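This report concerns only the one structure given below.
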Amino acid sequence: AKSAGSGLYARYDPQMHSGLVEKLQLAADLRRALDNGDELQLHYQPTVELRTGDIVGFEALVRWRHPVRGMIPPADFIGLAESTGLIRPLGQWVLAEACRRAVEWGGDKPLTMAVNVSGRQFDQPDLPQVVASVLAETGLPADRLCLEMTESVLMTDTEENLAVLLSLKEIGVRLAIDDFGTGYSSLAYLRRFPVDTLKIDRSFVERLGGTTPDAALARTIVQLGQSLGMATVAEGIEQYAQFLALRRMGCDLGQGYYFARPLPAEEAVALLRDPAAV
Ligand code: C2E
Ligand code: CA
Ligand code: CA
Ligand code: CA
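Numbering of the sequence shown is given in UniProt numbering, commencing with residue 628 and proceeding in unit increments.
As structure tokens, then:
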């Protein structure tokens, strides 16, 4: 019915009707979850230095424990948050919570906390002020925060987004391109934007395992990062062979189930304090 393109058909499609109602209900629930309660949580996935095996940071990943529907994965509500404008308060909450943890856990060794920032958040010209005030409130040094964005941020509203990224750079935060290699950003964009880190998409890491391993794409991204002076992080490392291949290529950092899944705060800090115990 969705593709029928006929207004009449769509209007009488009860499934589409319930879809809309459900969406509105979910948006209301999300608004409520943001206002009160502990339904929203962050899980933290360690980032590991491939050469040494040390945990050098975490990526914060949002989770929603809905009182009726149970766990709703971010893929099922980030889009809704974007289309309703709720991404703004949600993004601010994620940022503040992740920075608080980074300060709490940092102590003797400096940790980098990576936070996902939706393209919609870059549409807010005051994003740099929001980031600066969270850093000031939490006391996290700017270079301990890494903001992850997708290639689309480099490709749309280029001038406005470039201005926002330059302001963020001035504050001193790090910037990473997430899911690198899946979009269509050109090398010219990469050089123009003040990016510190490339995160190699899981799809390329997957090809390093299995029966017909294909290392060419991952290797190309690592070399690209090296020649542009950017750090490289491989996401979705699940197997020892993938870890080994990436380390041999000179990829700097890695994340994935091979090291650890995203963990609740208490488990993440336990892993940080005593990696052998987990
Ligand atoms: P992402 O930023 O690419 O995050 C990586 C996703 O891969 C996470 O899914 C993580 O749990 C999963 N993952 C990590 N290691 C492995 C592995 O070894 N194998 C496999 N198969 N998966 C692995 P998650 O937590 O469901 O997040 C999905 C997406 O939702 C994220 O993709 C990110 O784009 C978005 N997201 C999550 N949290 C936030 C947030 O706070 N703000 C915004 N704007 N987006 C978020
Ligand atoms: Ca990410
Ligand atoms: Ca924009
Ligand atoms: Ca990804």
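Even for Gly, the Cβ is constructed at its ideal location relative to N, Cα and C. Everything numeric in this text was worked out from a predicted model, so none of it was measured.
Taking C-beta atoms as the reference points, glycine 877 and valine 849 count as a pair closer than 7 Å. Annotation for isoleucine 714: the continuous alpha helix (DSSP H) segment containing it runs 714-733.
Here arginine 834 carries a coil assignment [DSSP, helix/strand/coil].
Boundaries of the alpha helix (DSSP H) around glutamine 850: 843-855.
If you draw a straight line from the Cα of proline 768 to the Cα of leucine 762, it is about 7 Å long. Nearest neighbour of arginine 692 by Cα position, chosen from Val683, Ile682, Asp703 and Phe685, turns out to be Asp703. Across the structure, tyrosine 671 and glycine 883 are spaced so that their CA atoms are roughly 11 Å apart.
Exclusion of glutamate 778 from the 6 Å shell around ligand 1 follows from its C-beta lying no nearer than that to any non-hydrogen atom of the ligand. Within 10 angstroms of the beta-carbon of aspartate 770 lie fewer than 16 other beta-carbons, which makes it exposed.
Fully contained in the segment 726-797 are the following beta strand (DSSP E) runs of length 3 or more, in chain order: 739-743 and 772-777.
Excluding sequence positions up to five before and after valine 730, its CB lies within less than 8 Å of the CB of Thr765, Gly766 and Leu767, all in the same chain and listed in chain order.
When the Cα atoms are used, valine 675 and alanine 872 turn out to be separated by approximately 15 Å.
Annotation: the continuous alpha helix (DSSP H) that includes arginine 819 extends over 814-819. The continuous beta strand (DSSP E) containing phenylalanine 685 extends over residues 682-693.
For leucine 667, the closest alpha carbon among the candidates Pro891, Ala895 and Ala903 is that of Pro891. Look at proline 673 here: in three-state DSSP terms it is strand. Glutamine 668 carries a strand assignment under DSSP once its states are collapsed to helix, strand and coil. The residues Glu666 and Leu667, in chain order, have a CB closer than 6 Å to that of alanine 660 in the same chain once the five nearest residues on each side in sequence are set aside.
Taking non-hydrogen atoms of ligand 2 into account, the C-beta of aspartate 805 is found less than 6 Å away from one of them.
Assignment of proline 891 by DSSP, reduced to helix, strand and coil, places it in the strand class. Inter-segment contact for the segment 803-819 and the segment 771-791 is present: three or more beta-carbon pairs are separated by less than 8 Å. At a threshold of 6 Å, glutamate 775 counts as near ligand 2, since its beta carbon sits closer than that to one of the ligand's heavy atoms.
Remark: the shortest separation between the CB of glutamate 862 and any heavy atom of ligand 4 falls under 6 Å.
Around glycine 808, the same chain offers Ile827, Asp828, Phe831, Leu844 and Ile848 as residues with beta carbons nearer than 7 Å, after the five sequence neighbours per side are excluded. Within the DSSP secondary-structure output, alanine 858 pairs in a beta bridge with Thr824. Cβ-Cβ distances below 6 Å link glycine 863 to Arg829, Val832 and Gly883 in the same chain, with the five nearest sequence neighbours on each side left out; the list follows chain order. The segment 851-863 makes no contact with the segment 886-901, as fewer than three CB pairs between them are under 8 Å. Looking at the DSSP output, methionine 698 shares a beta bridge with Arg692. Note on geometry: alpha-carbon atoms of proline 673 and alanine 803 lie some 16 Å from one another. Cβ contact annotation for alanine 842 (same chain, cutoff 8 Å, sequence separation greater than five): Arg834, Leu835, Ala872 and Met876, in chain order.
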